[in-house]
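Following: one structure in structure tokens, then a few remarks.
2 protein chains.
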Amino acid sequence: MSRTGAGKPTANIAAVAQREESPQVSDATLCGFIGYHMKRAFNVVQADLNQTLKPLGLRMVTYSALVLIVDNPGLRQSQLAAALDVERANLVVIVDELERRDLISRDRVPSDRRAYALNPTPAGQHLYERALEAVRGHEARMLNGMEEETKQAVIRAMSRIRRGSEGGSRGG
Amino acid sequence: MSRTGAGKPTANIAAVAQREESPQVSDATLCGFIGYHMKRAFNVVQADLNQTLKPLGLRMVTYSALVLIVDNPGLRQSQLAAALDVERANLVVIVDELERRDLISRDRVPSDRRAYALNPTPAGQHLYERALEAVRGHEARMLNGMEEETKQAVIRAMSRIRRGSEGGSRGG
DNA sequence: AATTATTAGTTATGAGAGATAACAATTATG
DNA sequence: CATAATTGTTATCTCTCATAACTAATAATT
């Protein structure tokens with residue numbers, strides 16, 4: 000503990016010099032990878048999107064679920080889970096949340112009484128539209144006047160990356 | 000992980016009709032947003048990258064940390080935490096992991112005995128090069144012959160999205 | 001020099017998302 | 001009817017991340 004109390008800081012100048020010597024960290028190597036840029040950019044998008052959705056009481060995943068239910072009324076939880084790429088077990092709490100807020104309803108399917116058909120309520124439809132408007136604003140903020148051509152090029156590139164992992168058969 | 004068994008749809012007519020009525024879920028609305036494409040594509044990239052790094056005993060974050068330490072020898076944990084955008088508290092376990100495997104060393108900074116200077120060991124340097132090679136292969140697999148011009152356009156777009164959130168009050 | 005404030009690293013704890021296994025109810029198959 | 005497969009559910013476990021409190025050392029102030 001008590002080292003001889005002679006520790007006199009004659010290294011004041013050295014400390015200052017060192018602080019100015021390495022003020023920033025180089026990420027040049029990582030910047031060579033497109034995945035690094037995707038992660039950093041997506042972090043920003045995700046944070047802003049969650050802030051955008053918070054006033055509506057939605058998270059990214061509940062928002063996506065609501066949109067898919069409105070766009071595909073009557074779909075089943077297993078279909079929604081597959082579309083969202085989450086396990087059915089984890090989807091239960093998501094659907095619970097939407098149902099508890101009366102944004103959607105679980106309706107039994109007559110032809111298969113195991114399954115629930117998910118349908119939006121009027122409140123869900125209304126929130127869907129409000130959320131879509133908010134997310135459009137969020138996207139405009141993120142892209143900030145990016146040229147349409149650039150946007151489309153990014154979408155094509157992302158789709159290509161995504162498709163590259165979906166089996167080996169070439170599709171259109 | 001997600002097996003959708005098409006199987007034998009030889010059931011009663013109602014079930015077949017319904018199954019053919021909505022065989023797939025439309026995500027057309029979400030596809031209008033670039034953030035949706037970014038998320039889906041990044042999920043694919045992240046999964047493949049983790050698989051790529053697993054044989055090396057690395058995860059995305061430990062890989063990134065190792066690269067930054069090799070590229071910036073002597074940097075401190077707080078600098079690394081800022082560069083990785085994680086809390087200092089959470090960085091401790093990451094650095095612990097790298098140190099335990101003798102990939103890096105915590106060296107005391109003479110001018111500031113609170114801080115540790117992070118430096119790669121020869122083993123760390125070696126793994127760095129192996130990891131970089133593996134990740135280059137991973138990227139080539141993900142991009143799959145994408146034109147260099149397209150890649151650069153994506154990187155510019157991602158950088159622009161990321162920069163858009165970094166305080167706008169700079170007059171540079 | 002002594003006191004106070006700030007900084008670097010650490011520990012402990014809890015929230016959150018995600019994966020997995022086991023289960024009941026229903027349907028399909030033999 | 002017996003068996004298998006599917007749908008939704010519950011419980012559990014892991015992993016990541018955020019927060020607060022703490023120790024040690026430095027900086028700033030008196």
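Quick note, the sequences are listed as chains A and B, same order.
Numbering that gives the first Met the number 0 applies: residue 0 is where the first sequence begins, and numbers increase by one.
Numbering that gives the first Met the number 0 applies: residue 0 is where the second sequence begins, and numbers increase by one.
Backbone N, C-alpha and C define an ideal beta-carbon position, used for all residues, glycine too.
Count the other C-beta atoms from every protein chain shown that fall within 10 angstroms of the C-beta of A:His174, then say buried if there are 16 or more, exposed otherwise. Missing from the structure shown is residue 174 of chain A; chain A here goes from 0 to 171 and no further.
Check the Cβ of B:Ala27 against every Cβ in chain A and list those closer than 8 Å, keeping chain order. Simply Asp70.
Within 10 angstroms of the Cβ of B:Glu20, are there 16 or more other Cβ atoms? Answer buried if so, exposed if not. In this prediction, B:Glu20 scores a pLDDT of 41, lower than 50, which makes its location untrustworthy; no coordinate-derived value is stated.
Quick one, which residues of the segment 129 to 142 of chain B are near chain A if we go by CB-CB under 9 Å, in chain order? Along the segment 129 to 142 of chain B, the positions whose C-beta sits under 9 Å from a C-beta of chain A are Leu131, Val134, Arg135, His137, Glu138, Arg140, Met141, Leu142, read in chain order.
Are any of the Cβ atoms in chain B nearer than 7 Å to that of A:Gln78? Yes, A:Gln78 lies at the interface with chain B (some Cβ there is under 7 Å from its Cβ).
Integer Cβ distance of A:Ile93 from A:Val134, believed to fall under 8 Å: The Cβ separation is near 18 Å, so there is no contact.
If you follow the alpha helix (DSSP H) that A:Asp95 is part of, which residue opens it and which one closes it? From DSSP, the alpha helix (DSSP H) with A:Asp95 extends over 87 to 99.
Let me confirm a value: A:Pro109 is counted as buried when at least 16 other C-beta atoms fall within 10 Å, else exposed. Which label applies? That one is exposed.
By DSSP, does B:Arg75 sit in helix, in strand, or in coil? Note: B:Arg75 maps to strand in three-state DSSP.
According to DSSP, is B:Pro109 part of a helix, a strand, or is it coil? The three-state reading of DSSP puts B:Pro109 in coil, since its state is none of H, G, I, E or B.
For the segment 86 to 106 of chain A, list every residue whose C-beta sits within 8 Å of some C-beta in chain B, in sequence order. Answer set for the segment 86 to 106 of chain A: empty.
Backbone secondary structure at B:Ala49 - three-state DSSP: According to the sequence shown, residue 49 of chain B is Asn rather than Ala. In the structure shown, B:Asn49 sits in a helix (DSSP, three-state: H, G or I).
One question on the structure: do A:Leu67 and A:Leu48 come within less than 7 Å of each other, judged by their Cβ atoms? Their beta carbons are not under 7 Å apart, which means A:Leu67 does not touch A:Leu48 by this criterion.
List, in chain order, every chain A residue whose beta-carbon is nearer than 8 Å to that of B:Ala82. In chain order: Val24, Asp26.
In whole angstroms, what separates the C-alpha of B:Glu62 from that of A:Ser104? In the sequence under discussion, the amino acid at residue 62 of chain B is Tyr, which differs from the Glu named in the question. Distance between the alpha carbons of B:Tyr62 and A:Ser104: 45 Å.
Can you tell me whether B:Lys53 is buried or exposed? The criterion is at least 16 other CB atoms within 10 Å of its CB, across all chains shown. B:Lys53 should be labelled exposed.
Using the C-alpha atoms, what's the distance from B:Met157 back to A:Gln151? Their Cα atoms are separated by approximately 13 Å.
Starting from A:Arg39, find everything on chain B with Cβ-Cβ shorter than 9 Å and list it in chain order. One finds Asp84, Met157, Ser158, Ile160, Arg161 in chain B with Cβ atoms closer than 9 Å to the Cβ of A:Arg39, taken in chain order.
Is the segment 136 to 148 of chain B touching the segment 142 to 150 of chain A, taking contact as three or more C-beta pairs under 8 Å? Contact between the segment 136 to 148 of chain B and the segment 142 to 150 of chain A is absent, with fewer than three C-beta pairs closer than 8 Å.
Compute the Euclidean distance between the alpha carbons of A:Glu138 and B:Arg112, then round it to the nearest angstrom. Rounded to whole angstroms, the separation of the alpha carbons of B:Arg112 and A:Glu138 is 46 Å.
From the DSSP secondary-structure annotation, give me the bridge partner or partners of B:Ser117. Residue 117 of chain B is actually Leu in this sequence, not Ser. Its beta-bridge partners are B:Leu74, B:Arg105.
Just the Cα atoms here: how many angstroms apart are B:Glu128 and A:Ala88? Cα to Cα, B:Glu128 sits roughly 40 Å from A:Ala88.
Of all Cβ atoms in chain A, is any one closer than 7 Å to the Cβ of B:Val60? Nearest CB-CB separation between B:Val60 and chain A: not below the 7 Å threshold.
Smallest Cα separation from B:Gln23: which of A:Leu83, A:Cys30, A:Phe41? The shortest CA-to-CA distance from B:Gln23 to any of A:Leu83, A:Cys30, A:Phe41 is the one to A:Leu83.
Taking the Cβ atom as the reference point for each residue, do A:Thr120 and A:Asp106 lie within a distance shorter than 7 Å? Between A:Thr120 and A:Asp106, the gap from beta carbon to beta carbon reaches 7 Å or more.
Helix or strand or just coil, what does DSSP make of B:Met141? Helix, per DSSP.
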